[in-house]
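Working notes, beginning with the structure itself.
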Amino acid sequence: MRFIALDTPKPLSKIGLGTWQFGSREWGYGPDFERQAAQIVRRAVELGVTVFDSAEIYGFGRSERILGAALGDDRPKVVVASKILPVLPVAAVVQQRAVASAARLGVTSIDLYQVHQPNPLVADHTTMRGMRTLQDVGLVGEVGVSNYGLRRWQVAEAALGRRVLSNQVRYSMLDRAPEQDLLPYARQAGRVVIAYSPLAQGFLSGRYDARNPPTGAVRRANPYFLPENLERGAALIDTVRQVADAHDATPSQIALAYLLRHPNVLAIPGASGVEQMERNAAAADIDLADDEYTALAEAAKRFRPITGLAAMPAMLRARIGKPTGK
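Heads up: the sequence shown runs through residues 1 to 326, numbered per full-length UniProt numbering.
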């Protein structure tokens, strides 16, 4: 396992574990997944993974409970991260929700406590006042944000009066907007970009195509998995497979290695089983050559999916089981 070269109380592994799927029926993993979750977490710890990310909204708190129980005595050794859903993120509410998350996780201090997304109606100064108090009393170690643009990340840090260590954003070979400003800032300022959905919810795994679309509510709601987008992405997946073959790796591992090439990026893919966790962890040790990275970047730029309003008619047709057409 490789780690981010920053001065943090606990080392930050380049690969972490995202736990949205723990206790979340929308992922379709079923009632037996709680036992599997414990096995995944234990194996992750054995492989050197130190970052475990949850949120109070995941499974309405069940993800935090499952994660805390699975970590057990290893909780003090790793970075336990969670997020507050900022419905009313004033200082008092931030403090109350942190106490509740810590109790579910079974920890006396949340190593990284993040604002799940910016609230357009509540300024960061009141949210960060609550975060600062949590740090002062020792209930929170580092503060982070999620889904913030660069400017608001900087405003949040000014409001906190201390570093806002991380910004957790959607980042993958399909979603490369963070490369424009967040990644350069993280490197210059000594901050971290945490990449969620680093495999674009499995699109980059190569498991799916127009004849074999995914199941499960979350992926069915993602326009990337429209049959036409799966067809359009075939050339990108072919390039990923070619690089994977050169490294005796899987397409998913190469898609992760693409992100991890940046020194201040930490990826938190989920895992539906122990073997997937092992493959994800191994991706941290893959070194892409310059020409491989360039080939992947160019292939990703050529992919032009149908998204936004343009995708809505096809999404509706897919929901009711009619052919999407062209």
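All C-beta atoms, glycine included, are put in the ideal place defined by N, C-alpha and C.
In this text, all values refer to a predicted model and were calculated from it rather than measured experimentally.
- The three-state reading of DSSP puts Gly18 in strand, counting E and B together.
- Secondary structure at Arg163: coil, using DSSP grouped into helix, strand and coil.
- Excluding the 5 residues flanking it on each side, Thr19 has same chain C-beta neighbours closer than 6 Å at Ser54, Ser63 and Leu67, in chain order.
- From the listed residues Val155, Tyr148, Ser205 and Ala156, the smallest Cα separation to Leu183 is found for Tyr148.
- According to the DSSP assignment, Lys83 belongs to the beta strand (DSSP E) that extends over Val79 to Ile84.
- Within the model, the alpha-carbon separation for Ser82 versus Thr250 is close to 29 Å.
- Using a 10 angstroms sphere on the CB of Val51, the tally of other CB atoms reaches 16 or more, which defines it as buried.
- One thing to note: Gly161 has its Cβ within 8 Å of the Cβ of Arg132.
- In the DSSP annotation of this structure, Gln201 is not part of any alpha helix (DSSP H), being labelled neither H nor E.
- Only residues of its own chain outside the window of five on either side were considered, and among them Met1, Arg2, Phe3, Ile4, Leu260, Val265, Leu266, Ala267 and Ala284 have a CB closer than 8 Å to the CB of Lys14, listed in chain order.
- Looking at the backbone, the Cα of Gly138 and that of Thr239 are separated by about 48 Å.
- Where Asp238 is concerned, there is no enclosing beta strand (DSSP E), although the alpha helix (DSSP H) around it starts and stops at Ala234 to Ala246.
- Under the three-state reduction of DSSP, Leu134 is assigned to helix.
- Secondary structure of Ser146 (DSSP, three-state): strand.
- Rounded to the nearest whole angstrom, the C-alpha separation of Ala289 and Tyr58 is 37 Å.
- Here the C-alpha atom of Asp7 lies approximately 22 Å from the C-alpha atom of Leu150.
- Residues of the same chain with a CB within less than 7 Å of the CB of Glu157, apart from the 5 flanking positions on each side, are Arg163 and Val164 in chain order.
- Taking the Cα positions, Arg187 is about 7 Å away from Pro263.
- Residue pairing by DSSP places Ile194 opposite Gln168 and Leu266 in a beta bridge.
- Exclusion of the five residues before and after Asp74 leaves Val45 as the residues of its chain whose Cβ lies within less than 6 Å of its Cβ.
- Restricting attention to Leu71, Lys10, Ala177 and Tyr293, the CA atom closest to the CA of Ala246 is found in Tyr293.
- About 4 Å separates the CB atoms of Ser166 and Gly144; that is less than 8 Å, so the two are in contact.
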